[in-house]
Structure formats: C-alpha cells, structure tokens
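Structure first, commentary second.
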Amino acid sequence: MSAPAPSPLAVVDAEPLPRQEEVLSETALAFVAALHRRFTPRRDELLARRAERRAEIARTSTLDFLPETAAIRADDSWQVAPAPPALEDRRVEITGPTDRKMTINALNSGAKVWLADFEDASAPTWENVVTGQLSLIDAYTRNIDFTDERTGKTYALRPDEELATVVMRPRGWHLDERHLTDADGIPVPGALVDFGLYFFHNAKRLLDLGKGPYFYLPKTESHLEARLWNDVFVFAQDYLGIPQGTVRATVLIETITAAYEMEEILYELRDHASGLNAGRWDYLFSIVKNFRDGGPRFVLPDRNAVTMTAPFMRAYTELLVRTCHKRGAHAIGGMAAFIPSRRDQEVNKVAFEKVKADKDREADDGFDGSWVAHPDLVPIAMESFDRVLGDRPNQKDRLREDVDVRAEDLIAIDSLDARPTYAGLVNAVQVGIRYIEAWLRGLGAVAIFNLMEDAATAEISRSQIWQWINAGVVLDNGERVTAELARKVAAEELADIRAEAGEEAFAAGNWQQAHDLLLKVALDEDYADFLTLPAYEQLKG
C-alpha cells in the first residue's frame, strides 16, 4: 500500500457520530485525499464539458453518434472482461438506501443483487454518508442486526450463500461532499468519498468472501466520464495492491447523451465493465433538461404516460440490449417502483399484473435482469426471468442483431401519442413537494401514492413543470400551463397536506420549505442542472 498522503482531509461542520473513526480512519482519509488530488481537476473539466455540450444541443436541437469514435463501434473484435462468478446471474436486483434495516432486508430479499444506494435513494446527510458505510462493513463481517423500536421486530442476516451480491452506487460526479474538504477548503466530490471509503474498507474483505468491489455508476454523460472512472479504478487497485480487473462497474444509461455512446462507455471500462442499465426516470429527466428549449416536438406528456413501450424508449432499451450482448456485457432493465399496500389488495392485484407484464417484456427483449424496489416484487420479477432463462445465468448469447436504431429514433419524442394533462401537472406538484420534504429530513427513498420515489422522479416532476410552462403547453382541460397555474396547484397541495397531516405535524415538517424549493427549481428562468444542488444547501446534517 502507498504511504499516507501528507495533506489530510478535514471533517467540517459535522457533529461527531458513533463509530465514525472506523470509517474515517487516517489511512482511509489519506486514500480519499489521494483520489481527490489526482482526479478532481479532471472531474471539474468534464463538468465544464457537460455545459458546453448542453449549449450545443440548445443550438442544434439534435444529437448523433460520435464520428470520432466510429472505429470503436465498427471494431467487432473487442469484448468486456468476463463477469466474475458473483455477477454471472443478475436476473433480479433490488435497490435501496444503506440504513441498517434496508441493508438486512435487501440482502435477505432473495434477489441476486442489491444496489446499495448512496445516490438517488439516499439524502446525503453526513450521518447517512458515514452510517451507510458502517452498515456495509458490518454486513460483510456479519455484525449487523436491527430491532424496530415501533414494532419490536428483530432483523438478522440469513446464511452467506442466501445473501444478495452487493453492487454499490456512489453519488454522481456533479455533487460535492461539503463535510470533507482539503487543506485549501475545497470539498471532495461525493463520488470519490463514497467510492473511496467503500473500496478502502471492503475490497480485500470482499475478495476473501469470494466476491469483489462492484459498482453502479450514475449520471454518466459521456465516454470520457467513463474513462475517468476507469482511471480511478486502476489507481485504487494499485494503491491497495489488488489485482487489476478486480473492480466491476455497471453504468446506468440514464442520460440522453450517454445513449449515443453506449459502446464507447463499455470500451473505456472494458477491463472493469460488467453491464449497462436502463434507468427510466433519469433518462426522461435528461431528455427534458437537454431539449427543454427545443420546441413542441420535445415536450413530454405526463410522466406516467411515458411507458417503456413508447417508440423512443423502445429504441433506447433495444439498443442497450444489442450493445451489451455484442460486447459480452449484462443488460439490466428498469425499475418496478410499486410498493404493495397492506390495506388494498385490489390495488396490489392491478399493480402486480403491470409489474409482471413489464418484466415479461424485458425478459423477452433479451435483458439479463431487472430492478425492483420492494422485496414483495422479487418473486414476480424472478418468475419472468426464470421463464426465459431457465437454468442459464443470463441470455448474453441473444445478440439482437435484428435491432437497428438510428440516431433520430432516440429523440423521436413526438412519436408518442399522449399529451400533458391537468392531472399530470397536479401529480408532478404532489410528488415534487412530498419528495423534497422527505429529502430535507434525510430520506432519499420515499413511498408516495404506492410508488417508491427517489431523486430521479422528483427531477422529472419539476422538469416537466418547467418545460410545460416554457413551451406554453395547453392541457386537456383547456388551461395553459403558466407559473401562476403552477403556484395555484402548489398552494392547493400545501393546504391539502396541512389538512391531511394536522397543524402540529405540518409545523414539525419541512412542507413550506419543500413547496418553495419546488417552485424555485420549476419556475426559475435559469434552469438548475439538478434540484439536489440547491436542495443540498438547505439539507441539515
């Protein structure tokens, strides 16, 4: 291992947490400091490049496959590294934050993989950042249990062979960690904090368990950002004396620009790549963000009307399957976000049928696995993939050479036969306020109207409000979407929440703050790239 760095990082504006020294050891912080010194300048350059590319899209209202990387796409000889045994079978993956109860439930869920989420399902309070790392350390050493104070129910891990394989998701490149700064007071990127602490404490331990440090990479916008991650992996493995190629990364193709660079992203990560994932809500959010001033043909209807069967979404998912299988990588499908009701079995029956149809479609299209948000959905998704896979771990041999996606197919938003509705506007406001309020309390994954919402769904909600106002959309009831209408709907929703919660509970929450923040990011002329950036400034802890 390399010698500790001479310039340590400082923990600032954070109350001491129990056992934090186990995570924030001198040697661990030296490793994170080394990552920060070496890679943050490149991160900053790539964020600037995002802004330049967005300006180009605003000017042209189009995207295309990159001419400068055509040779990579045309070269049929290269493949990603073979999957390690622990990642061969990924037919069902469960997602969720890394609190102790979720850690145990997810590992015990019967899913093949748990996406341990430090990103969209986790509000980045310092407590969540540190205790989430402790949850994973304790899980790997089998020192984790949990007793629910309200119900008295106790949770404990099943035998090792029954546990899901962990694939950890750090924060995206755009978010900094304000509580960890260098000697010049510059915050460390949250991605490097989450990755660095997890890798440092668990890489060797995971190898001893017959697995490895596996990651989901969020919000990637280009193959150059994938190249940066690959260089981080190479450096990290050398630093800890771990064989190159031990790390495996699955990239979420959840931005419209990344959809045009799938092969290049796999190529950059080829020694460490294990697959690509189709992330629905962030993908729609990215389309709105990049083409928000592109005119009526880029206006999305209500978010729940944009199913995975929409022509431009079919183009995206089928291209992803073909790309992955051509290069020997896993293709992982999207999220089933339904949260079963303990009170309404009829709601469950209808929702379970929709989940089954969605997972059947993914399995039939050639995906090797898919996501669910709740343990009760694991058997439904498992049945869909068992039907297609049988005893095989995946279907990477299905090359989908029948798929032929042109550049324009990916942005043919106007091919969808649906229009924005007043009910859709109300739902966007409801989800936006209710999610942001919970996020400000430190909760990143929130059940709202029987759906598990995270930062991605809040992003699409506020982005659609912004887009509909700026495009002058007329709704199904004949009303034009204006800032005044959005304020009226938001005021009505706030009043409904007050009546629903009662004065005491309403006052104890962050409802007015959430209302104001939603309107700020939905109405400001200067569109915020991510609502979590202004929200993080208001997040306590």
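No gaps in the numbering here: position 540 of the sequence shown is 539 in numbering that gives the first Met the number 0, and each next residue is one more. Beta carbons: idealized from backbone N, C-alpha and C, even for Gly.
- When DSSP states are grouped into helix, strand and coil, Ile432 belongs to the helix group.
- A direct Cα-Cα distance of roughly 19 Å separates Arg41 from Tyr238.
- Counted as a single uninterrupted DSSP element, the beta strand (DSSP E) harbouring Met334 occupies residues 329-335.
- Within the model, the alpha-carbon separation for Arg48 versus Lys358 is close to 36 Å.
- For Ala54, the enclosing alpha helix (DSSP H) covers residues 25-59.
- Counting of Cβ neighbours within 10 angstroms places Phe194 among the buried residues, the total reaching 16 or more.
- Judged by DSSP in its simplified three-state form, Glu524 adopts coil rather than helix or strand.
- Nearest in C-alpha terms to Pro217, of all of Gly274, Leu208, Thr245, is Gly274.
- Taking each of Trp172, Arg141, Leu174 in turn and checking the Cα distance to Pro158, the smallest one comes out for Arg141.
- For Met261, the uninterrupted alpha helix (DSSP H) segment begins and ends at 261-267.
- Within the region 417-492, the alpha helix (DSSP H) runs of at least 4 residues that lie entirely inside it are, in chain order, 421-439, 454-469.
- If you draw a straight line from the Cα of Gln512 to the Cα of Leu530, it is about 14 Å long.
- For the set Leu319, Arg149, Ile252, Phe284, the Cα lying nearest the Cα of Tyr526 is the one of Phe284.
- Cβ atoms of Leu196 and Val377 stay farther apart than 8 Å, at about 29 Å.
- Closest option to Asp416, judged by alpha-carbon separation, among Ala50, Ala304, His178, Thr245: Ala304.
- About 39 Å separates the beta carbons of Ile103 and Ala182, which is beyond the 8 Å limit, so they are not a contact pair.
- Rounded to the nearest angstrom, the gap between the Cα atoms of Ser369 and Arg170 is 21 Å.
- Arg247 and His271 do touch by the CB rule: their CB atoms are close to 6 Å apart, below 8 Å.
- Straight through space, the alpha carbons of Pro188 and Trp125 are spaced by roughly 14 Å.
- Considered as a whole, the region 268-344 harbours 279-289, 310-325 as its complete alpha helix (DSSP H) runs of no fewer than 4 residues, in chain order.
- No residue range can be given for Trp172, since it is assigned to no beta strand (DSSP E) and is classified by DSSP as neither H nor E.
- Distances from the CA of Leu28 to each of Gly131, Leu191, Thr94, Ala163 were compared; the closest alpha carbon is that of Leu191.
- Secondary-structure assignment with DSSP links Asp116 through a beta bridge to Pro96, Arg168.
- Put simply, of Ala356, Asp375, Arg342, Gly332 the residue whose alpha carbon is nearest the alpha carbon of Gly365 is Gly332.
- Scanning Glu92, Lys210, Leu522, Ala122 for the CA closest to the CA of Gln466 turns up Leu522.
- Taking a contact as a CB-CB distance under 8 Å, the pair Glu317 and Val404 counts as one, their CB atoms being some 7 Å apart.
- Under the 10 Å beta carbon count, Pro15 is surrounded by fewer than 16 other beta carbons and is classified as exposed.
- Taken through DSSP and simplified to helix, strand or coil, Ser414 comes out as helix.
- Assigned with DSSP and collapsed to three states, Thr150 falls in coil, not helix or strand.
- Contact annotation: the region 321-339 does not touch the region 488-505, with fewer than three C-beta pairs closer than 8 Å.
- By the criterion of a C-beta distance shorter than 7 Å, Glu220 is surrounded in its chain by Arg49, Thr254, Thr256, Ala257, once the five residues flanking it on both sides are discounted.
- Classified as exposed, Asp343 has fewer than 16 neighbouring CB atoms from the shown chains inside 10 Å of its CB.
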